[in-house]
Amino acid sequence: MAEPHADALADTLQRALAAADVPEADAFASRVARGLARFSLNTLNQHGQMTDVTVTVRAIARASDGARIASVTTSDSSVESVTRALHRARANAERSPVVPGWPVLAGADDAAPKAAVPSVPRFSASTARATADERTDRVTSALDIARANGLTAAGLLDTSTTAMAVANTRGLVRASDLTFATFKMFALDSSGVSGFAQATHRDLSQIDVATCARRAAEKSIAGKDAIALPAGEYDVVLEPQAVTELLEWLCFIAFGAREVQDGTSPLAGRIGERITGERVTIVDDANDPGELGFGPTFDREGTARKRVVLVDRGIAGAPVFDRLYAARMGSESTGHAAPPNGFDDAPVAQSLAMAGGADSIDDLVGRIERGLYITRFHYVNGFLDPRRAVMTGLTRDGTFLIENGRLGRGVKNMRFTDSVLDAFTRIDGVTEARAAVPTWWSNAGAFVAPSLLVRRLRFSSGG
Amino acid sequence: MSDRDALLEALDVLRRAGDVEYAEVRFVEDESERLRVRDDELENVETSESRGVGIRVISNGQWGFAATPSTRVSDVVAAAHTARDIARSSARAGGDRVKLAPVGAPARGRYATSVVRDPFSVPLDAKIELLTRATAALRARGKPIHRAEARMGWTRARKILVTSDGVDVEQKFTFGGAGMNCVARGGDGAVQQRSHPTRADGEAGQGGYERIERIDWIGNAERVAEEVSELLRAEPMPAGRRTLIIESSQLALQVHESCGHPTELDRAYGTEISLAGGSFLQPSMLGSFRYGSSIVNLAADSTNVGGLGTFGWDDEGTPAGRHPLVREGQFVGYLSSRETAARLGTASTGTMRADGFSRMPLIRMVNVNLEADPRGPSLEELIADTDDGIFISTNKSWSIDDLRLNFQFGCEAAWEIKGGKRTRMFRDPLYTGITPDFWGACDAICGPADWKLWGVLNCGKGEPMQLMPVGHGTAPARFRNVEVGHG
């Protein structure tokens, strides 16, 4: 169980900044209390309650031609520990070379006045207060459905509460409490044919575990006696999970300012130009007040996260920026500084949403004469040729043949290798319904995607 | 009180609880430093430290886990109670009771990485100067070099493990890595990258700053800049079936994905389905399945000096050792834990590790190595022995299916081999295959002089994602009739 904690973290950061007396510094703190019930083989075999605390401070020592910067992270959120971290960062900064053009920190006045940020719901007591017994009960109901169908279940129920706070020497203070609940399940038959379903919401009580479990079981049963198909081009329906796996890689290779500056992004040199089909609009919007939004509304620098249109009906937009890359590239921070201690420290989109269309999932299936219905991909990689967003990956956990507009037999897993930009020019249907899908690197984040009909996706190996 | 006293107090509380069948209490403290220079600018100096305690318990036949960032006795004891309560709760979901393979005498002792020069005592200025010299050398030729980057990272960690079986061990690790890469841009907007020694992890392993000092930064920077410029002019690799010689760092990733992961016994049993997937190597295949050709020998070795998968004991207290996985092409062994080994009816091979204090231990690769052919050729001799083929180098893209059969790797560069000589360069090369077919087509492995122990710093597994340093020793090897092409 976890109560709101962000205001207490913000208070700690402010007191440490005052005590450390470092002329210019900022501090970011997060506290993640996670209840995780991971199951497999119809047994709840990894169930735990973990608390992770991270405080990262940055000290900036100004020079005539720029600034010297250093950061220090600690897992101890006491005022004394954060004060020591500030002193250490200051000492390291003074020994570092000057970085030209280092920007000023976000100020209290430019950190997005509250009125400018919609009041977006982010915290749910039902998630924050979930007990081990509640998780066990929900997982047990899913296991019962698997057992009743002669299947084996694997998956997880995650109930997390994240407190985030930022403070700096320009008087900025921001704090936010977020909750995140996700359930996902794989149902497997004795030959290993699997079906998958998931649901994600900030409010645990809104997650219908039984419906998810039944959907996973139905897919496993329907996928029995899967057939192998040869490599080639296939019209495909991609469920939101599969679409999100492509969007995740666009985050890494396309939507950050660093990749644009390096010239490796598909957006580089093409902003304002058509890069894909008209049915593609992708925004990063942490302030979406809808039920599907999850992300924090400010970044680790305290900058309010703005709505950024990355692709507008196929036209490339500008990337997301943090303060350093904004200064380097003559732009403004969009509030997308990367969380500390992640995979990288360059600006990153974290709340992607792809616009929906007007179709139903049956409409998409009905338009395919012969093709594939794909629940999700596995191990997508987008580093083959980032400029063209060439990606490869495999189907998994529910791939079906579509013939004459109807779903048919299961299909063995196949590998696609194709330019996602090119594939997105061949979109011929987008569902109105969208789903939230958790991103695998985030403590409290999910993307939002519709289902797509993509014509002639290239599969480089068959099943 | 010392850190160990808090652990022992929590363990005592759990021992006295009548329903606790097994308990382990693990303290982890780590400190790390990351430096990155882009062009001539140091982007940041990052240091981080964390400490805390993770507790894993079996009660009523099921596991429970709790972790706290506090090392105060009261907090650690509270976490112990939480772990026990969770185990009791989980038991209500039903399922098989956990059984652990027996261990010998409880482990007691100390392990520490052998360090010649403590990287944390090397002045910051010296590290920055080294990285800045590397990026300057990468940029020295001017266009088409567009961006140059050099990076370095170090970690030192201390772990104490006490268990209800009497294990009491303390281990200290020092490891790190460094590398560089550059981006070249052509007039048509085309972009190529080249790295040394690898794109992702660089020169990584356990040890001190002496690891970094052995790198010829300037000489390799000049070569990398020349090769990335040439890649802009190179043709894409033609599609077809070719004889392929794989350079050892790429082969390390091949071993990682197509041998290391499928020999994890938790994957084989299906307990990692919900993220990483399963394994085509099922227990019924042990001792009878032909994984590769008769010259292919693979082993898990947690005793290799300098390996990222080297330790004294794993996170269950099982001692380090060497365990064959594939012997003369036959599949013969798994990476295992006490729980999975009990199910298989064997002893644990000692591969349980957790990422920090707040995660549950999982089966992780240690150093999973392809053994050199004792009478194998040098790389130059192997190329000279190849009339028509491809030499491929340095990973940039990796993907494999959930059973670890269907793989595809993209690399930074390849060269055609004609008449025993490296000739023209190809850009954006990739190769693809099915694991046992591919290893079955291995007809030559270089000798011990070309064998190198590589490090992968961030192997991902588990939920929430756990990142683990692992090692892979490989020598370049040749494979026949491999499907190649370009991305």
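Protein chains in written order, with the numbering used here: chain R, 1 to 463; chain X, 1 to 487.
Built from N, CA and C at the ideal position, the CB exists for glycine as well.
Helix, strand or coil: which one does DSSP assign to residue 198(X)?
It is coil, neither helix nor strand.
Kindly confirm or deny that the segment 444-461 of chain R and the segment 3-20 of chain X touch, where touching means at least three C-beta pairs closer than 8 Å.
Segment contact: the segment 444-461 of chain R against the segment 3-20 of chain X, fewer than three CB-CB distances shorter than 8 Å; contact not assigned.
Do the segment 135-153 of chain X and the segment 166-181 of chain X meet, that is, are 3 or more Cβ pairs less than 8 Å apart?
The answer is yes - the segment 166-181 of chain X touches the segment 135-153 of chain X, with three or more Cβ pairs under 8 Å.
Leaving out the 5 sequence neighbours to the left and right, which residues in its chain are closer than 6 Å to residue 400(X) when beta-carbon positions are compared?
Counting only residues of its own chain and dropping the five nearest sequence neighbours on each side, residue 400(X) has a CB closer than 6 Å to the CB of 257 and 407.
Count the other C-beta atoms from every protein chain shown that fall within 10 angstroms of the C-beta of residue 96(R), then say buried if there are 16 or more, exposed otherwise.
That one is buried.
Limits of the alpha helix (DSSP H) - the one that residue 71(R) falls within:
That residue, residue 71(R), is in no alpha helix (DSSP H); its beta strand (DSSP E) goes 66-74.
Helix, strand or coil at residue 156(R) [DSSP, three-state]:
Looking at residue 156(R) - three-state DSSP - the assignment turns out to be strand.
What residues in the segment 29-50 of chain R have a beta carbon less than 8 Å from any beta carbon of chain X?
Answer set for the segment 29-50 of chain R: 34, 36, 37, 38, 39, 40, 41, 42, 43, 44, 45, 46, 47, 48, 49 and 50.
Short CB-CB distance (under 8 Å) between residue 379(R) and chain X
At least one chain X Cβ lies under 8 Å of residue 379(R).
Neighbourhood of residue 85(X) by C-beta, 8 Å cutoff - its chain only, sequence neighbours within 5 removed:
So the qualifying residues of the chain are 64.
Beta-carbon proximity list for residue 358(R), same chain, < 6 Å, skipping 5 on both sides
Counting only Cβ-Cβ distances below 6 Å, and skipping sequence neighbours, we find 432.
Taking Cβ positions only, does residue 321(R) come closer than 8 Å to chain X?
So no, residue 321(R) is outside the interface.
Could you tell me whether the Cβ of residue 121(X) comes closer than 8 Å to any Cβ of chain R?
Residue-level contact by beta carbon fails for residue 121(X) and chain R, as no gap is shorter than 8 Å.
Compute the Euclidean distance between the alpha carbons of residue 286(X) and residue 301(X), then round it to the nearest angstrom.
Using only the alpha carbons, I get a separation of about 19 Å.
Integer Cβ distance of residue 389(X) from residue 244(X), believed to fall under 8 Å:
Going by Cβ atoms, the distance from residue 389(X) to residue 244(X) rounds to 6 Å, so yes, they are a contact pair.
Under the three-state DSSP convention, the category residue 463(R) falls into:
Coil, per DSSP.
Residues in its own chain within less than 8 Å of residue 116(R) by CB, not counting five upstream and five downstream?
Interpretation of residue 116(R) is limited by its pLDDT of 49, a score under 50 that renders its predicted location unreliable; the figure taken from the coordinates is listed afterwards. So the list reads 304, once near-sequence residues are dropped.
So, are the CB atoms of residue 299(X) and residue 322(X) less than 8 Å apart?
With contacts defined as CB atoms closer than 8 Å, residue 299(X) and residue 322(X) qualify as a contacting pair.
Can you check whether the C-beta of residue 139(R) is within less than 8 Å of a C-beta belonging to chain X?
Yes, its Cβ sits closer than 8 Å to a Cβ of chain X.
In angstroms with no decimal places, state the Cα-to-Cα distance between residue 103(X) and residue 94(X).
Rounded to the nearest angstrom, the gap between the Cα atoms of residue 103(X) and residue 94(X) is 27 Å.
For the alpha helix (DSSP H) holding residue 445(X), just list the boundary residues, first then last.
Per DSSP, residue 445(X) is not a residue of any alpha helix (DSSP H); the beta strand (DSSP E) it occupies stretches across 442-445.
I'd like to know if residue 247(X) contacts chain R, where contact means its C-beta is closer than 8 Å to some C-beta of that chain.
No, because no Cβ of chain R sits closer than 8 Å to the Cβ of residue 247(X).
Runs of beta strand (DSSP E) wholly within the segment 273-349 of chain R (minimum 3 residues, chain order)
Taken in chain order, the complete beta strand (DSSP E) segments of 3 or more residues contained in the segment 273-349 of chain R are 282-284 and 308-312.
Exposed or buried, what is residue 476(X) when buried is set at 16 or more other beta-carbons lying within 10 Å of its beta-carbon?
By the 16-neighbour rule on beta-carbons within 10 angstroms, residue 476(X) is buried.
Return the residue from the list 317(R), 369(R), 313(R) and 272(R) that minimises the CA-CA distance to residue 356(R).
Taking the Cα of residue 356(R) as reference, the smallest distance to any Cα among 317(R), 369(R), 313(R) and 272(R) is reached at 313(R).
If you measure from the beta carbon of residue 319(X) to each beta carbon in chain R, is any gap under 8 Å?
Interface annotation, residue 319(X): not in contact with chain R, CB-CB separation never under 8 Å.
What residues are listed by DSSP as bridge partners for residue 436(X)?
Answer is none; residue 436(X) lacks a bridge partner.
Status (buried if at least 16 other CB within 10 Å, exposed otherwise) for residue 72(X):
Classification of residue 72(X): exposed, given that the 10 Å Cβ count is below 16.
For residue 114(R), is the classification buried or exposed, using 16 other Cβ atoms within 10 angstroms of its Cβ as the cut-off for buried?
A caution first: residue 114(R) carries a pLDDT of 49, below 50, which makes its placement in the model too unreliable to give a value.
May I ask which residues mark the beginning and end of the beta strand (DSSP E) holding residue 488(X)?
Not covered by the structure: residue 488(X). The range shown for chain X is 1 to 487.
Closest residue to residue 280(X) among 231(X), 331(X), 305(X) and 338(X) (Cα-Cα distance)
Nearest to residue 280(X) by alpha-carbon distance, out of 231(X), 331(X), 305(X) and 338(X), is 331(X).
To the nearest angstrom, report how far apart residue 21(R) and residue 16(X) are at their CA atoms.
When rounded, the separation of the alpha-carbon atoms in residue 21(R) and residue 16(X) is 49 Å.
Within the chosen definition, does the segment 256-271 of chain R reach the segment 284-299 of chain R through at least 3 CB pairs nearer than 8 Å?
No, the segment 256-271 of chain R is not in contact with the segment 284-299 of chain R.
Going straight from the alpha carbon of residue 189(R) to that of residue 145(R), what length do you get?
Cα-Cα distance, rounded: 13 Å.
Considering only their Cβ atoms, is the gap separating residue 370(X) from residue 470(X) smaller than 8 Å?
No, the Cβ-Cβ distance between residue 470(X) and residue 370(X) is not below 8 Å.
Quick check: residue 380(R) and residue 229(R), are their CB atoms within less than 8 Å of each other?
No, they are not a contact pair.
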